[in-house]
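Visitor: In this note's numbering, the protein residues as written are 277 to 963. Ideal Cβ positions, reconstructed from N, Cα and C, are used throughout, including at glycine.
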Ligand code: ZN
């Protein structure tokens, strides 16, 4: 590992933040924190923390010595000055004299000494940073360090690699106890340049940002060299098999997703899956020692919140879907039972009441497939996958050097069930479509775009299909967020092979599918006797057969998952009450209503619900240029009066139709139903 410090960049950072009134000391703190955060082999996803002791101003503008330490919710890769809440240093130092301090007491002491009451919570390691006298302190969970501190005799290993330039501390729970012990370790030998924490990570410190950062890099580099020398080029895992066949993934992922979603009792608790399969992962999941290696646990306690301590090991897929689903469910049941036992044993030893977390695994390992990470959202699943990918690298490095020996389960329980983490439980209810994957056709404009916006706001992960790329990209860009993963696909829904491929892509991206809004359509108009067969067939292709293709492919995924599913069709008022010249459009739409009912009938047993929305006079591009005007003229009305020609005298907008789709999506006991969205039209009421 090499230092990424560039004097010109550091100077530019000082100048840029200086214009905003930020001190050079804090500007350089931001600069090297980002250097650390930018390297995933040093820290991952909010891991690690850094600080600077600096002069800040109190409410009256008086100078005050403060600790500016990473705040919770910030990531070192993207941190900005507000990510370093300033805490008065003097009262923190007085805490060293206190015999004991609970985690809640520590958080309170940090918060009451903030110089900005609105600042985020300072890191739980803030007191460790405070008690060390150095201006800069850096802390990482670097892969190479973890491979050395997770060894059978890690103190000896660390002394051999780092000599006496680093203090070596056994594992101590982060927070107040660790802060005091770390300060004592430094005071016992003021020549040390850092502290290595067994089973946890590395702290370095210095008088300048560059010194502290470059010490971090130097010791990680020493660790990397020691690991390479210890391994001597030998292969740790068996040779990797070839990457999985995409068609096989499309079959396996929904089965695994279904098994993970049905880990508990009652209603399925769905997850979004993220798949990883680079060579090292394939080699790891195919290794004969996988069971032993994977069950040893996380490389640093921080990771347990994201990946749980161990993954679930699933068998390879042999082509028999039903048998495979059963085998996956059995493996998940054993995992969940083991987890319950671990929780009950830990809770029994605990001083305070504990609430069990979701017992389902976060990581599934499948030979021939790779790593499948689970989360409430795609982003959460990706984070778990990133962490596990690094865990595999750490296991490989540790086994190449010696024997991978991370922290035991008992101590990890305290970390997983930390009172500060438990306090967060139950806060922030999930939106109603959270954990669901929804596919919407015709999503680039009109009703489809309105459904995409509404479903995104309700927490669904989205697969958006449209024939035209331009509208699709702009809708996808508008709805994509940290909580909402979006897969836009340019697909003509009358192309059966393209729809099947889109469904496979959706499954490979999110692990499965829960909800389909089959919406794409277009209007054909002609008096029936004058309508050519070609036009009528073309209308049936889009307004009927495309719905059938989408529904059929979705049901195949639902069958593999075994967690129900939903089909929502955009029918039309024309299905019940055709207007003049609307025959070529009304006929296939009437067939869609029959199709919807048939799916409700045939797949109700699987928990699949099938419903339709029956909208009328919605001003969208569906009507094309002049169609709306001609429809209004056919009834002797202005366009405005035509659009408001309903019992409520109010026009029906795409977002009103989207609301109706959502209402059906959330009506857990409704299937085979048609919901009109027409402002009231008794003549068109379904019967
Ligand atoms: Zn840490």
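Keeping to the same chain, check which residues put their C-beta closer than 6 Å to that of residue 331; ignore five residues upstream and five downstream.
Guide: Working through the chain shown from its first residue, we reach residue 331 at position 55. The residues are 339.
Visitor: When the distance is taken between beta carbons, is residue 658 closer than 7 Å to residue 550?
Guide: Here residue 550 refers to the residue found at position 274 when the chain shown is read from its first residue. Here residue 658 refers to the residue found at position 382 when the chain shown is read from its first residue. Contact: yes.
Visitor: Give a yes or no on whether the C-beta atoms belonging to residue 422 and residue 326 are separated by under 7 Å.
Guide: The count along the chain shown starts at 1 and reaches residue 422 at position 146. The count along the chain shown starts at 1 and reaches residue 326 at position 50. No, Cβ-Cβ distance for residue 422 and residue 326 is not below 7 Å.
Visitor: Which same chain residues end up closer than 8 Å to residue 824 when comparing Cβ atoms and leaving out the 5 residues on each side of it in sequence?
Guide: As a first step, residue 824 must be located in the chain shown, where it is residue number 548. The answer, listed in chain order, is 871.
Visitor: Measure the CB-CB distance between residue 445 and residue 461 and report whether it falls below 7 Å.
Guide: Taking the chain shown and counting its residues from 1, the one referred to as residue 445 is at position 169. Taking the chain shown and counting its residues from 1, the one referred to as residue 461 is at position 185. In contact: residue 445 and residue 461 (Cβ atoms closer than 7 Å).
Visitor: Would you say residue 297 touches the ligand ZN, meaning its beta carbon is less than 6 Å from a heavy atom?
Guide: Taking the chain shown and counting its residues from 1, one reaches residue 297 at position 21. Answer for residue 297: no, Cβ out of range of the ligand ZN.
Visitor: Run through the region 760 to 830 for me and flag every whole alpha helix (DSSP H) of 4 or more residues, listed as ranges in chain order.
Guide: Qualifying alpha helix (DSSP H) stretches, in chain order: 772 to 786, 809 to 816.
Visitor: Mind checking whether the beta-carbon of residue 477 lies closer than 6 Å to any heavy atom of the ligand ZN?
Guide: As a working note, residue 477 is residue 201 in the chain shown. Yes - the ligand ZN has a heavy atom lying nearer than 6 Å to the Cβ of residue 477.
Visitor: How far does the beta strand (DSSP E) with residue 562 in it extend, from its first residue to its last?
Guide: Mapped onto the chain shown, residue 562 falls at position 286. Segment 555 to 562 is the alpha helix (DSSP H) holding residue 562; no beta strand (DSSP E) there.
Visitor: Could you have a look at residue 471 and say whether DSSP puts it in helix, strand or coil?
Guide: Along the chain shown, one-based indexing puts residue 471 at 195. Residue state, collapsed to three classes: strand.
Visitor: Can you give the beta carbon distance from residue 454 to residue 437, rounded, assuming they're within the 8 Å contact cut?
Guide: On the chain shown, residue 454 is found 178 positions in, with the first residue counted as 1. On the chain shown, residue 437 is found 161 positions in, with the first residue counted as 1. Rounded, the Cβ-Cβ distance is 22 Å, inconsistent with contact.
Visitor: Do residue 789 and residue 889 have their C-beta atoms within less than 7 Å of each other?
Guide: Taking the first residue of the chain shown as position 1, residue 789 is located at position 513. Taking the first residue of the chain shown as position 1, residue 889 is located at position 613. Against a cut-off of 7 Å, the Cβ pair of residue 889 and residue 789 comes out as no contact.
Visitor: Since residue 720 and residue 686 should fall inside the 8 Å C-beta cutoff, what is the C-beta to C-beta distance between them, to a whole number of angstroms?
Guide: Numbered from its first residue, the chain shown carries residue 720 at position 444. Numbered from its first residue, the chain shown carries residue 686 at position 410. With a Cβ gap of about 54 Å, residue 720 and residue 686 do not count as contacting.
Visitor: Look at the alpha carbon of residue 725 and the alpha carbon of residue 449, and state the distance between them as a whole number of angstroms.
Guide: Taking the chain shown and counting its residues from 1, one reaches residue 725 at position 449. Taking the chain shown and counting its residues from 1, one reaches residue 449 at position 173. Their Cα atoms are separated by approximately 50 Å.
Visitor: Can you name the start and end residues of the alpha helix (DSSP H) that residue 608 belongs to?
Guide: Taking the first residue of the chain shown as 1, we reach residue 608 at position 332. Run containing residue 608: 597 to 625, per the alpha helix (DSSP H) assignment.
Visitor: Entirely within the region 333 to 359 and at least 3 residues each: give me those beta strand (DSSP E) ranges in chain order.
Guide: DSSP runs (the beta strand (DSSP E)) wholly in the region 333 to 359: 339 to 345.
Visitor: Between the alpha carbons of residue 469 and residue 404, how many angstroms are there, rounded?
Guide: On the chain shown, residue 469 is found 193 positions in, with the first residue counted as 1. On the chain shown, residue 404 is found 128 positions in, with the first residue counted as 1. The straight-line gap from Cα to Cα measures roughly 15 Å.
Visitor: Taking just the CA atoms, how far does residue 603 sit from residue 523?
Guide: The count along the chain shown starts at 1 and reaches residue 523 at position 247. The count along the chain shown starts at 1 and reaches residue 603 at position 327. Those two C-alpha atoms are separated by around 20 Å.
Visitor: What residues match up with residue 414 in a beta bridge as DSSP calls it?
Guide: Looking up residue 414 in the chain shown gives position 138. The partner list for residue 414 (beta bridge, DSSP) reads 326, 480.
Visitor: Indicate whether the contact test is met: 3 or more Cβ pairs, each with one atom in the region 603 to 618 and one in the region 502 to 520, closer than 8 Å.
Guide: Not touching, per the Cβ criterion.
Visitor: Out of 927, 511, 377, 388, point me to the one whose CA is closest to residue 894's CA.
Guide: The residue labelled residue 894 in the question sits at position 618 within the chain shown. Minimum Cα distance to residue 894 is reached at 927.
Visitor: With a threshold of 7 Å on Cβ separation, who are the neighbours of residue 366 within its own chain once the five nearest residues in sequence on each side are excluded?
Guide: The sequence position of residue 366 within the chain shown is 90, counting from 1. Cβ neighbours of residue 366 beyond the five flanking positions: 341.
Visitor: I'd like the list of long-range same chain contacts for residue 772, defined as Cβ closer than 7 Å, with 5 residues on each side in sequence excluded.
Guide: In the chain shown, residue 772 corresponds to position 496, counting from 1. Excluding positions up to five away in sequence, the list reads 825.
Visitor: Per DSSP, residue 715 forms a beta bridge with which residues?
Guide: Indexing the chain shown from 1 puts residue 715 at position 439. Answer by DSSP bridge pairing, in chain order: 739, 792.
Visitor: Could one say the Cβ of residue 834 lies closer than 7 Å to chain C's Cβ atoms, at least one of them?
Guide: Absence of chain C from the displayed structure is noted, only one protein chain being present.
Visitor: Consult DSSP for residue 880 and reduce its assignment to one of helix, strand or coil.
Guide: Locating residue 880 in the chain shown gives position 604, counting from the first residue. Helix.
Visitor: Please report the distance separating the alpha-carbon of residue 548 from that of residue 758.
Guide: In the chain shown, residue 548 corresponds to position 272, counting from 1. In the chain shown, residue 758 corresponds to position 482, counting from 1. Their backbone Cα atoms lie some 13 Å apart in a straight line.
Visitor: From this set, 606, 667, 620, which residue's C-alpha is nearest residue 586's C-alpha?
Guide: If you number the chain shown from 1, residue 586 lands on position 310. It is 667 whose Cα lies nearest to the Cα of residue 586.
Visitor: Measuring CB atoms only, is the region 409 to 420 touching the region 497 to 508, in the sense that at least three cross pairs come out at less than 8 Å?
Guide: The region 409 to 420 is in contact with the region 497 to 508.
Visitor: Roughly how many angstroms separate the alpha carbons of residue 818 and residue 544, rounded to a whole number?
Guide: Within the chain shown, residue 818 is the residue found at index 542, counting from 1. Within the chain shown, residue 544 is the residue found at index 268, counting from 1. Spanning the two alpha carbons is a distance of roughly 34 Å.
Visitor: Please go through the region 404 to 460 and give each complete alpha helix (DSSP H) segment of 4 or more residues, from N-terminal end onward.
Guide: DSSP runs (the alpha helix (DSSP H)) wholly in the region 404 to 460: 419 to 425, 430 to 438.
Visitor: Take residue 880 and list the residues in its own chain whose beta-carbon comes closer than 7 Å to its own, dropping the five residues that flank it on each side.
Guide: Here the question's residue 880 lines up with position 604 in the chain shown. Result list for residue 880: 947, in chain order.
Visitor: Distance, Cα to Cα, residue 980 vs residue 356?
Guide: Residue 980 falls outside the range modelled here, since the chain spans only 277 to 963, and no answer is possible.
Visitor: Just confirm the distance between the C-beta atoms of residue 646 and residue 558, as a whole number of angstroms; I'd bet it's less than 8 Å.
Guide: Within the chain shown, the letter at position 370 stands for residue 646. Within the chain shown, the letter at position 282 stands for residue 558. With a Cβ gap of about 6 Å, residue 646 and residue 558 count as contacting.
Visitor: Is residue 983 near residue 762, with beta carbons less than 7 Å apart?
Guide: Examination of residue 983 is not possible in this model, given that the chain is present from 277 through 963 alone.
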